[in-house]
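Visitor: So that we are looking at the same thing, I have put the structure below in structure tokens.
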Amino acid sequence: GQPPPFASLKVKPVSFHSDQPLRTARLDGAHVALMHAPGELVFEIPPAARRLRARFGIAPFAYAEAAKTEGIAFTVEHAGATTFQRTLDPANEPSDRGIQDLAVELPEGLKGTLTVRATNSGNRVNAADWVFWADVDFD
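This is how it looks when you write it as structure tokens:
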């Protein structure tokens with residue numbers, strides 16, 4: 807059977823927002839949490855956390871079929887400030903396909919929450935805009 811959607815994240819989010827429920831899938835042999843964009847996961851920052859690590863990307867069916875994604879911007883935000891941003895466009899850029907790695911250094915003593923967000927390119931909602939997150943963890 808499939809594990810619960812948050813199982814692949816390592817750290818359970820305190821909130822999740824998207825127009826579709828979070829789903830579980832296997833991509834490249836790894837369990838991932840599938841999220842429809844636009845969407846976000848919010849995580850409580852653990853005490854003494856110095857880094858956020860995650861794996862992310864755009865689901866292969868989002869760019870391999872006729873209705874293709876136009877790209878997705880992935881961001882990590884804290885208190886309204888963006889600490890990481892990367893836009894993936896796997897339909898046009900082969901290096902944007904597959905699992906991508908993220909590592910964000912956190913300032914000492916950072917408190918509150920971090921939001922990982924996926925936003926549709928050009929803010930156009932597309933039924934094909936399915937992204938994934940996996941191995942979200944703090945160290």
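Under the numbering used here, the residue at position 14 of the sequence shown is numbered 820, and the numbers go up by one with no gaps.
For every residue, glycine included, the Cβ atom is placed at its ideal position computed from N, Cα and C.
If you're wondering where the values come from, they're calculated on a predicted model, not measured in any experiment.
Compare the C-alpha of Q826 against each of V820, G845, K818 and P819 and name the closest.
Guide: Residue numbering aside, residue 826 sits at position 20 when the sequence shown is read from its first letter. Closest by alpha carbon: G845.
Visitor: Indicate whether the contact test is met: 3 or more Cβ pairs, each with one atom in the segment 856–875 and one in the segment 826–842, closer than 8 Å.
Guide: With the cut-off at 8 Å, the segment 856–875 and the segment 826–842 touch.
Visitor: How do the segment 863–877 and the segment 896–908 stand: do at least 3 beta-carbon pairs fall below 8 Å, yes or no?
Guide: A contact exists between the segment 863–877 and the segment 896–908.
Visitor: Taking 8 Å as the cut-off, does the segment 810–825 touch the segment 935–943 (at least 3 CB pairs, one atom from each stretch)?
Guide: A contact exists between the segment 935–943 and the segment 810–825.
Visitor: Is it buried or exposed, D935, if we count other Cβ atoms within 10 angstroms and call 16 or more buried?
Guide: Taking the sequence shown and counting its residues from 1, one reaches residue 935 at position 129. Result: buried.
Visitor: Is the beta carbon of V910 sitting closer than 7 Å to the one on L847?
Guide: Translated into positions along the sequence shown, residue 910 becomes position 104. Translated into positions along the sequence shown, residue 847 becomes position 41. No; because the gap between Cβ atoms is not below 7 Å, this pair is not in contact.
Visitor: The beta strand (DSSP E) spanning F862 covers which residue range?
Guide: As a first step, residue 862 must be located in the sequence shown, where it is residue number 56. Unbroken beta strand (DSSP E) run through F862: R857 to I864.
Visitor: Roughly how many whole angstroms lie between the Cα atoms of T916 and R903?
Guide: Indexing the sequence shown from 1 puts residue 916 at position 110. Indexing the sequence shown from 1 puts residue 903 at position 97. First, the amino acid is wrong: residue 916 is Leu here, not Thr. L916 and R903: Cα-Cα distance of roughly 32 Å.
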